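Colleague:
There are 4 protein chains.
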Amino acid sequence: MSGRIRLGMVGGGTGAFIGAVHRLAARMDDRYDFVAGALSSTPERARESGAELGLDPARSYDDFTAMAKREARLKDGIQAVAIVTPNHMHAPAAREFLKRGIHVICDKPLTATLPEAKKLARAVEDSDALFILTHNYTAYPLVRQARAMVADGTLGELRVVQVEYPQDWLTTPLESEGQKQAEWRNDPAKTGAGNCVGDIGTHAHNLAEFITGQRVESLAADMHTFVPGRLLDDNIHVMLRFDGGARGMLWTSQVAPGNENGLRIRVYGENGGLEWAQENPNVLTHSPYGEPPRTITRAGPGFTQTTGTRVPPGHPEGYLEGFGNLYSEAADLIEAHARGETPETLLPGIEQGLRGMRFVDACVRSNKRNAAWVTL
Amino acid sequence: MSGRIRLGMVGGGTGAFIGAVHRLAARMDDRYDFVAGALSSTPERARESGAELGLDPARSYDDFTAMAKREARLKDGIQAVAIVTPNHMHAPAAREFLKRGIHVICDKPLTATLPEAKKLARAVEDSDALFILTHNYTAYPLVRQARAMVADGTLGELRVVQVEYPQDWLTTPLESEGQKQAEWRNDPAKTGAGNCVGDIGTHAHNLAEFITGQRVESLAADMHTFVPGRLLDDNIHVMLRFDGGARGMLWTSQVAPGNENGLRIRVYGENGGLEWAQENPNVLTHSPYGEPPRTITRAGPGFTQTTGTRVPPGHPEGYLEGFGNLYSEAADLIEAHARGETPETLLPGIEQGLRGMRFVDACVRSNKRNAAWVTL
Amino acid sequence: MSGRIRLGMVGGGTGAFIGAVHRLAARMDDRYDFVAGALSSTPERARESGAELGLDPARSYDDFTAMAKREARLKDGIQAVAIVTPNHMHAPAAREFLKRGIHVICDKPLTATLPEAKKLARAVEDSDALFILTHNYTAYPLVRQARAMVADGTLGELRVVQVEYPQDWLTTPLESEGQKQAEWRNDPAKTGAGNCVGDIGTHAHNLAEFITGQRVESLAADMHTFVPGRLLDDNIHVMLRFDGGARGMLWTSQVAPGNENGLRIRVYGENGGLEWAQENPNVLTHSPYGEPPRTITRAGPGFTQTTGTRVPPGHPEGYLEGFGNLYSEAADLIEAHARGETPETLLPGIEQGLRGMRFVDACVRSNKRNAAWVTL
Amino acid sequence: MSGRIRLGMVGGGTGAFIGAVHRLAARMDDRYDFVAGALSSTPERARESGAELGLDPARSYDDFTAMAKREARLKDGIQAVAIVTPNHMHAPAAREFLKRGIHVICDKPLTATLPEAKKLARAVEDSDALFILTHNYTAYPLVRQARAMVADGTLGELRVVQVEYPQDWLTTPLESEGQKQAEWRNDPAKTGAGNCVGDIGTHAHNLAEFITGQRVESLAADMHTFVPGRLLDDNIHVMLRFDGGARGMLWTSQVAPGNENGLRIRVYGENGGLEWAQENPNVLTHSPYGEPPRTITRAGPGFTQTTGTRVPPGHPEGYLEGFGNLYSEAADLIEAHARGETPETLLPGIEQGLRGMRFVDACVRSNKRNAAWVTL
């Protein structure tokens, strides 16, 4: 159908969790046509996945370089590509598309290592194409609401930030039991120097910076590997100092039983506090100092966002809708780009990706020095 | 793309809440192509909406009869149609498609009146096409889980059912203030003899029967119209007797401030209780008698459903995903139908639609007799 | 110590739950000395209980008539007596003290039958002494707050009242297993014509009238006995019509697994709603229509009560503190009475006791007529 | 009445919050008679308070030394004394009673400084009398339950401890506005080197050690003073390493709007997690790994404690009841002491007091070294 953006995908063959999420997010508001892919690094699996997903066989590629080359030449070639491989392949894949002017929507964390990230940043700078990083939690409507309330001074000067992201899926040595995602995440060559810190720590860090509008200036990190035989961290405690004067704590864990996907943030300023939790994301608690706490619901009274929500209050939207917001705002940007416009955006991009990698790097450096303060 | 079901829509022009929901639900799992519509009863608005939604102008119709006739003749005509008009138009529209063998996915309540409903039921019987009613709340994963736990005897013999569906959007006389949806819902000619009872009471009734596997045998209803000048009910209290021996209460309201879309059900049997609330739908509380209550999460420990969920536990799914489940299961049914198969399904159909209309009719009859018991 | 009120007790020997609660409540704010008792209808147990509780043996009586006679003659005889026997003994015991000018603090429900209640009411009228009924839930600070907010018009004209009181302790036939309290509660001679309705239904009814300031004018009740062999009701569904125009529903149950002491009330008016639940009683939710719901905490912002709370917000008070409020306010009344004053009070008395018995009686009458509406 | 323990009090004149709490806690289970006091350091206020509280004027003292001397000589002198002065007076007062064999129940933190604490510890060692510190939160029934579940291996080896204690009462410079408690708490001479860390940080630290059965071995602390003009800390972030291998984070704040008294702890081990929050203390969440989380209620299914609870599940107990548990267990100890017995106890004493002061001292030392790790 005319008007939709032609989208390709690298990685995300059938069975991969996050690839399916990206495709669904792209469909959410009907802004994309998914038309090409290099869906696996194993050619046979790539082709099978393409067939299962209904791709034209001529546009189901064995490798991303071939895909980038050919799609760039096609009259109706893809305009954007989603990159959903393990971390270490993000940069090589992204560069192939960026240099051919194809917009990139890339999974987080940006790369496996900070040097790779810097190299990718240069590639983004050198390209006219857009680069969008799927820090999806920043696109939940009430996260946007929280950011707006901080920005408009509702809380006054910020003092304290408490952010946490506990999970429990790695409580046991799942990586030794053939679970594919656990396997590559525990492989430093594919994941980088930190697993828990990179996979979910970067989300927590990004969310804190997004809502507060302040940047983590320095941190002190104590990283742990609790499960015997594991190579990378599965729990991390961090103290934060923000450039705007706020002080914070950040906890992420993959070994905290009872926590499924417990991203939660609390922000306190001289005039009030805000609290939001991802698992029940349609609610934001605002506590003006000296007044009763107020429950702001998505699209309900007190909600002032004008985008990013599809159904009336009380009809819960969640993870997929938030992810869909990223894709739909990316579509807006891509269309504006085609018109030669560069509108302001709240979408995370290369800068947020680099900051995330600096966060991981700083945690690892601090941890090696017994949790000494290091700057980002 | 091959493999998708060709879908049309009657009603649901741009600006209509529920039409957009149906289209998004149809896209959710990529099982449908939306290709034709008679999107408004006003021809001009119908055409504008079709254009905005990217329909081929030749398949954007002024009225549903023309659409049914032409699509039935097309080689690639629609296989299914979604009907999302005001209640009184459900039956006339549905019949046009049913008699031409086009499957119908129809919004609830079934019709505006019980006689219409019976007439439509005969049309369904006479047709080879499928008829599916979008009682969407029965497709939430944890509602399915609750039903399964009742069915497998986890609660023992059922005793008490408490179901409620409070909202607050009609606390003031919104229908006098130009709000379009409030207007037609307050018009007995379009809505039928009950507004609150038909719009959301039927959901509560349907959910109770779905989870318990019992049918409401008789009821006593006290209906109220609190807002001055309003023509139809905006609050209703009902006592229920189920055919399996359970006893219950049902409350729905559109004038309960602080309740956005508060559908909630609690079921108690001799061995335990279950509780589920639509506004935080990823959680089901199971209280085995004499043991600590357990929190079952969507896709988490204790969850035994194998379909209807897309992302891991802790990544909240909500209203649109539940609605999407209906559409995707309808796609399964439609494909099976094409193969000549008639698999079992949990999807609501004409029977549930008729029961809903009998529920509305019984409430109105009981209320006229000062809440005397009447049978359904 | 000088200044404390001398208190006696009828019933409540060691092992009895509610007797210990009354004594603790009397101690809560140090307003009473517990100095005499007829603690059991079994003389030996009465004496043993008195000894265990440290009573002067001369003031540990075998029966309440002897106690009333002697204490009335003593220079330092009791000024007030707490009556905590099974229901059928409330009235005979109370009359002995009332006619001797000793104030009575009586457990609820008032009596086992309505005629007894009326007879007791006449005794109260003929006596100069005070009569206080321990509908303790009306003395929680946030229940008082709710009442005040209704009274001052915060909600506007009331429309809907939803009150419920589910428990689960009689899910199995506990009365056949030697549990003493279950035994007498299942004995119509001791309990009256309703068990669940009398024991906890009266609390729910009383709470609804207390907060709304309206009186139940008529009701339709469906009573159930789910556990085989049980003589009295263990679940009851009631529809309510209030004299001020509000409409309501009331549910009480002793067979709802997972509910320990689930008294909860929701009140909705044209301008807002209120919600309070006994199990987490330090929180009251106020939902002004069109604004975010607000969480009012005991002693926190928005709390306007000046009595009935002992510790700062965030330090939870509960059941015993609420009960203690009744006793401390009774002490205020008793001291005022001694000064010849009759201050206004929110304490429940004979009128509330009578209304409770009329409620029970109406439920039983309505149920016998298949839940027809009956007036109280 | 015979059998009760004769109790005196130092500090806690009328108007002081914590003195009234101690007296109520002592009355809770009727184990004490409050008979003597040096209720203020201002003689006139001491006498007025004694009169208001009904003390015999001969036993309402101007200073605690005179009180200790005279009460020790009286035939019916006090057996125990509660010390509820500002921190810096705890030690001098306690020593006067300890050296005369009078048991001491002392408010926390133990002292204003670590040297004072050590000196007091020697005085306790030299005395035959008991010394009990009111770390009251360890006496909540479900805190005891949590400790028991850790001790019996329910969670397996512990990994992560998250404890926090946010409040908001010092969000503004209350100490400059004449609030008495805020005044002395902000005075280093009376409070010691840390305010937030000493007042509530010690509670959080104590709770973590109590439940885990592990001791904080080292910590890294970042302390903050957000309110301009304030002399002492009002927020503190700490990373913890426990001697049993667990790692943790501790946050306390007095400037976090919306938090009234938000003590909360989460403990995770290889087999499961536990969560408890003081503001709704009748609930403990237990998440066995791989099973649905279970809600254990005070006195409900799964609760295995045999003491410390007075009313059935669903009848909330709170702060005062928990405090009362400390007093009642202290009464048990005092009676056992009189019989020459020294039973095991969970009551906090001088060791916990010393550990608390070492915690404060370590935080201050670490903070001075830019949050370097220091040992306790």
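Protein chains in written order, with the working numbering: chain V, 1 to 376; chain D, 1001 to 1376; chain L, 2001 to 2376; chain U, 3001 to 3376. Just so it is clear, CB atoms sit at the ideal spot from N, CA and C, and this is done for glycine as well. In this text the structure is predicted, and so the values were computed from the model without any measurement.
1) Is the beta carbon of V/E71 closer than 8 angstroms to that of V/I105?
2) To the nearest angstrom, report how far apart D/H1205 and D/C1196 are at their CA atoms.
3) Any beta carbon from chain U within less than 8 angstroms of D/P1141's own beta carbon?
4) Which same chain residues end up closer than 6 angstroms to U/L3326 when comparing Cβ atoms and leaving out the 5 residues on each side of it in sequence?
5) Give me the Cα-Cα distance between U/R3355 and U/V3238, rounded to the nearest whole angstrom.
6) Could you list the residues in the segment 2269–2292 of chain L with a C-beta less than 7 angstroms from some C-beta on chain V, going in chain order?
7) Within 8 angstroms (strictly less), CB to CB, does D/I1102 reach chain U?
8) Curious, which full-length alpha helix (DSSP H) runs of at least 4 residues does the segment 3105–3137 of chain U contain?
9) For chain L, find out if any of its Cβ atoms is closer than 8 angstroms to the Cβ of D/D1168; answer yes or no.
10) Going by the CB atoms, is the gap between D/T1295 and U/P3188 shorter than 8 angstroms?
11) Please list the terminal residues of the continuous beta strand (DSSP E) segment that includes D/V1283.
12) Taking C-beta pairs closer than 8 angstroms, name the residues in chain D that V/T85 reaches, listed in chain order.
13) Quick one: list the residues of chain L neighbouring D/V1160, beta-carbon separation under 9 angstroms, in chain order.
14) Could you tell me the alpha carbon to alpha carbon distance between V/P228 and V/A182, rounded to whole angstroms?
15) Sort D/M1067, D/A1026, D/G1019, D/W1251 by Cα distance to D/V1084 and report the nearest one.
16) Take the Cβ of L/A2299 as the centre, count every other Cβ of all protein chains shown within 10 Å, and call the residue buried at 16 or more, exposed below.
17) Any beta-carbon of chain V closer than 8 angstroms to the one on D/S1002?
18) Within its chain, find whatever has a CB closer than 6 angstroms to the CB of D/A1277; leave out the 5 residues flanking it on each side and keep chain order.
19) Quick check on DSSP: helix, strand or coil for U/G3061?
20) Roughly how many angstroms separate the alpha carbons of L/W2373 and L/T2171, rounded to a whole number?
21) For a contact meaning CB atoms closer than 8 angstroms, what does L/N2261 contact in chain U?
22) U/P3316: buried (16+ other C-beta within 10 angstroms of its C-beta) or exposed?
23) Would you mind sorting U/N3370 into buried or exposed? The rule is 16 or more other CB atoms within 10 Å of its CB.
24) Ordered along the chain, which non-local residues of its own chain (more than five positions away) have a Cβ less than 8 angstroms from that of V/P43?
25) In chain order, which continuous runs of the beta strand (DSSP E) of length 3 or greater are located wholly inside the segment 3270–3323 of chain U?
26) Report yes if the CB atom of L/G1976 is closer than 8 angstroms to the CB atom of L/G2008, and no otherwise.
27) Using a C-beta cutoff of 8 angstroms, does V/T295 count as contacting chain L?
28) Give the DSSP-derived three-state secondary structure of U/V3150 in the structure shown.
29) Quick one: is V/R247 near chain U, going by C-beta distance under 8 angstroms?
30) In three-state DSSP terms, what is D/T1212?
31) Can you list the residues of chain L that U/M3028 reaches, using a CB-CB cut of under 9 angstroms?
32) Output, in chain order, the set of chain V residues within a Cβ distance shorter than 7 angstroms of U/P3212.
33) Report yes or no: do the segment 244–255 of chain V and the segment 142–159 of chain V share at least 3 C-beta pairs separated by less than 8 angstroms?
34) How do the segment 1083–1100 of chain D and the segment 1172–1180 of chain D stand: do at least 3 beta-carbon pairs fall below 8 angstroms, yes or no?
35) Identify the residues that DSSP records as bridge partners of U/W3169: which are they?
36) For chain D, is any of its Cβ atoms less than 8 angstroms away from the one on U/P3115?
Modeller: So, from the listed chains and residues:
1) No, the pair does not count as a contact, with Cβ atoms beyond the cut-off.
2) Going by C-alpha positions, D/H1205 is about 12 angstroms away from D/C1196.
3) The C-beta of D/P1141 comes no closer than 8 angstroms to any C-beta of chain U.
4) For U/L3326, where only same-chain residues beyond five positions count, the Cβ hits under 6 angstroms are T3134, N3136, A3139.
5) Cα to Cα, U/R3355 sits roughly 16 angstroms from U/V3238.
6) Within the segment 2269–2292 of chain L, the qualifying residues are G2290, E2291, P2292.
7) In terms of beta-carbon proximity, D/I1102 stays away from the interface with chain U, with every pair separated by 8 angstroms or more.
8) Within the segment 3105–3137 of chain U, the complete alpha helix (DSSP H) runs of at least 4 residues are 3114–3126.
9) For D/D1168, the answer is yes, since a Cβ of chain L falls inside 8 angstroms of its Cβ.
10) Cβ atoms of U/P3188 and D/T1295: not closer than 8 angstroms.
11) For D/V1283, the enclosing beta strand (DSSP E) has its first and last residue at 1283–1288.
12) What V/T85 touches in chain D: nothing, since even the nearest Cβ is about 19 angstroms away.
13) By Cβ distance, chain L contributes P2166, H2224, F2226, N2235, H2237, W2251, S2253, V2255, A2256.
14) C-alpha separation (whole angstroms): 15 angstroms.
15) Out of D/M1067, D/A1026, D/G1019, D/W1251, D/G1019 has the C-alpha closest to the C-alpha of D/V1084.
16) So L/A2299 ends up on the buried side.
17) Residue placement at D/S1002 is flagged as unreliable, the pLDDT there being 46, under the threshold of 50; a coordinate-derived value is accordingly withheld.
18) Once the five neighbours on either side are set aside, the close Cβ partners of D/A1277 are R1264.
19) The residue asked about is misnamed: residue 3061 of chain U is Tyr in this sequence, not Gly. Note: U/Y3061 maps to coil in three-state DSSP.
20) Answer to the nearest angstrom: the Cα atoms are 29 angstroms apart.
21) In chain order: P3312, P3313, G3314, H3315.
22) Using a 10 angstroms sphere on the CB of U/P3316, the tally of other CB atoms reaches 16 or more, which defines it as buried.
23) The residue in question, U/N3370, is exposed, as its Cβ has fewer than 16 Cβ neighbours within 10 Å.
24) Correct list, in chain order: D62, D63.
25) Taken in chain order, the whole beta strand (DSSP E) runs of length 3 or more contained in the segment 3270–3323 of chain U are 3272–3277, 3283–3288, 3294–3297.
26) No answer is possible for residue 1976 of chain L: it lies beyond the span of chain L, which begins at 2001 and ends at 2376.
27) Yes, its Cβ sits closer than 8 angstroms to a Cβ of chain L.
28) In this structure, U/V3150 counts as helix in the three-state DSSP scheme.
29) Yes, contact with chain U.
30) The DSSP-derived three-state label of D/T1212 is helix.
31) Under the 9 angstroms cutoff, chain L gives L2024, R2027, M2028, L2320.
32) Inspection of the sequence shows that residue 3212 of chain U is occupied by Thr rather than by Pro. The premise fails here: U/T3212 is roughly 15 angstroms from chain V at the closest Cβ pair, so nothing lies under 7 angstroms.
33) Contact between the segment 244–255 of chain V and the segment 142–159 of chain V is present, with at least three C-beta pairs closer than 8 angstroms.
34) No: the two stretches stay apart, fewer than three of their Cβ pairs being nearer than 8 angstroms.
35) Partner(s): none; U/W3169 has no beta bridge.
36) It does not: the Cβ of U/P3115 has no partner Cβ on chain D nearer than 8 angstroms.
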